[in-house]
Structure formats: structure tokens, C-alpha cells
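What follows is a single structure, written as C-alpha cells, with notes after it.
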Amino acid sequence: DAGVIQSPRHEVTEMGQEVTLRCKPISGHNSLFWYRQTMMRGLELLIYFNNNVPIDDSGMPEDRFSAKMPNASFSTLKIQPSEPRDSAVYFCASSFPQTGLGNTIYFGEGSWLTVV
Amino acid sequence: AQKVTQAQTEISVVEKEDVTLDCVYETRDTTYYLFWYKQPPSGELVFLIRRNSFDEQNEISGRYSWNFQKSTSSFNFTITASQVVDSAVYFCALNGGYQKVTFGIGTKLQVIP
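Chains as they are written, first to last, in our numbering: chain H, 2 to 117; chain R, 104 to 216.
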């Protein structure tokens, strides 16, 4: 079975440019998460969707960041304009309902973003 | 508020040694789940185990074992007879509700041949 698929795997862009990261969750999973990983802050939850609806975007750093989930099999995380401090690994993850709470989250391989 | 503390930022062991990675958590929820993930040098995050707050039985999977102690709010992870392939960053995580998972800062394990 295919896991969470992210693209691009690596991106180097110039400051001020728009960056779009893409994610295809595991088929059948109804929750999707975007995380950012940096050395300084570790793994941070940016936003998560349940049944394509954004539930909690309190982790989105600022208005330059936006995320969409137009359907159950696709999500984007956009940064516009990008800044060097946005350089990080961005993970997409998905989960499906299990008994009670604590759904296991499965991660993609990450998108390594460098803004120069 | 949820919190996960992994006090060991980096550990080095010689191959075949046993090593325990500590995880201490805080939550006000009575029902919660705990997880361990592995992040090898290649960068992906690999799910290892999920444990709910009502199940304090220890779990063993091959060389891996987990010790959950509710009384001390700890969920420690032991690797027996460590191997070089175990070198990775290991994350402990907590889910106390509504799918918001809190991750610890991670423990970097280096297994020296």
C-alpha cells in the first residue's frame, strides 16, 4: 500500500518566491496534518484537517502560510512570500479513525525546503 | 496543556549494548495515547508503537521493549543489543484528545560499531 506521498522532496528557492508543497494522504484516511521540523523547535503541528475541513490552524506561523485540502486525496501547503527562516522539513501525515482517541499518524518522507 | 519531555538529547552507545530512551509526559486527560517514532538519517518518520492510557502492560517487539508507568507518567523505550541500524532520532509523542499530537524534542541515538 502506498504511504503518504509528498512532493517535492527537496526544494531550494529564493527569498520572496512562492512555495507550494503537496501531499497525498493514505487512501481511506480522513485526517491530514502538516508538521514542520527544525533543529530549534523540533516537530511543530502547523494545521490539521478532518474530512477536508481545517480543524486547528493555530500552529500556522503567520499569514504567509496557507493550507488547503480541496478533496480527500490532496492537500497543499503554500508559503508566499517565502523567507530564509522558513527553511525546514515539512511533513505531511494522515490518520484514520481507530477506537477512541489516539489515531496513529503516518508520515510522509518530508519536503526539505531551503530558502536562500 | 500537553507536554512531552525527552531529557536525553543525545546518547552514544557501543554496538550490542542495551540503551533506554526516557519519555515523561504531562496531560490532564484521563484517556490518552502515547507513541514512539523513529527518524533514521534518511529523514522519514517511522511509527513504532501506540499505547493507550488504560494499558500498562509492557510490550516487547524483538529487540525493542516499552515500559509504561502511569504512576510516574513515563513511557520509556529500551533497545536490547543495539545495532548500528538503530542509529536515529527517536520521538515520543502524546495524544490527549482531538487528534492534536504533541511530540517531544527527540533523542538522537548513535550506535558505534
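Cβ atoms here follow ideal geometry from the backbone N, Cα and C, with glycine treated the same way.
Handout entry: Residue closest to R/Ser190, alpha-carbon to alpha-carbon, out of R/Thr108, R/Glu120, R/Asn179, R/Ala104
Key = The candidate whose alpha carbon is nearest that of R/Ser190 is R/Glu120.
Handout entry: Proximity of R/Tyr193 and R/Leu148 at Cβ, strictly below 8 Å
Key = Going by C-beta atoms, R/Tyr193 is not nearer than 8 Å to R/Leu148.
Problem - Proximal residues, the stretch 10-43 of chain H versus chain R, C-beta separation under 7 Å - result: The residues in question are Ser32, Gly43.
Handout entry: Contact set for H/Met61: own chain, Cβ-Cβ below 8 Å, skip 5 residues either direction
Key = Cβ neighbours of H/Met61 beyond the five flanking positions: Leu47, Ile48, Ser67, Ala68.
Exercise for the section: Compute the Euclidean distance between the alpha carbons of H/Met41 and R/Ser185, then round it to the nearest angstrom. Expected result: Take the alpha-carbon of H/Met41 and the one of R/Ser185: they are about 28 Å apart.
Problem - Buried or exposed by the 16-neighbour rule on C-beta atoms within 10 Å, applied to R/Val122 - result: Buried: at least 16 other Cβ atoms inside 10 Å.
Problem - Member of H/Ser76, H/Ser32, H/Pro85 whose CA lies at the smallest distance from the CA of H/Leu22 - result: It is H/Ser76 whose Cα lies nearest to the Cα of H/Leu22.
Practice task
Closer than 6 Å by C-beta to H/Val121: which residues in its own chain qualify, once you throw out the five before and the five after it? Chain order, please.
Solution key: Absent from the model: residue 121 of chain H. The displayed extent of chain H is 2 to 117, so no value can be given.
Problem - Three-state secondary structure assigned by DSSP to R/Val116 - result: It is a strand residue.
Exercise for the section: Verify the CB distance criterion: does H/Asp87 have a CB-CB separation below 8 Å to chain R? Expected result: Taking Cβ atoms only, chain R never reaches closer than 8 Å to H/Asp87, which makes this a no.
Exercise for the section: Can you tell me which of R/Ser164, R/Asn170, R/Gly209, R/Asn179 puts its alpha carbon nearest to the alpha carbon of R/Thr112? Expected result: Measuring from the Cα of R/Thr112, the nearest candidate turns out to be R/Gly209.
Handout entry: Rounded Cβ spacing between R/Tyr140 and R/Ala104 (contact assumed at less than 8 Å)
Key = 21 Å between Cβ atoms; not a contact.
Problem - Element boundaries [beta strand (DSSP E), containing H/Ile48] - result: Residues 43-51.
Exercise for the section: Compare the C-beta of R/Ile163 with all C-beta atoms of chain H and state if any pair is closer than 8 Å. Expected result: With its beta carbon at least 8 Å from every one in chain H, R/Ile163 lies outside the interface.
Exercise for the section: State yes or no: is the beta carbon of H/Ile106 nearer than 8 Å to at least one beta carbon in chain R? Expected result: Taking a beta-carbon distance threshold of 8 Å, H/Ile106 counts as an interface residue toward chain R.
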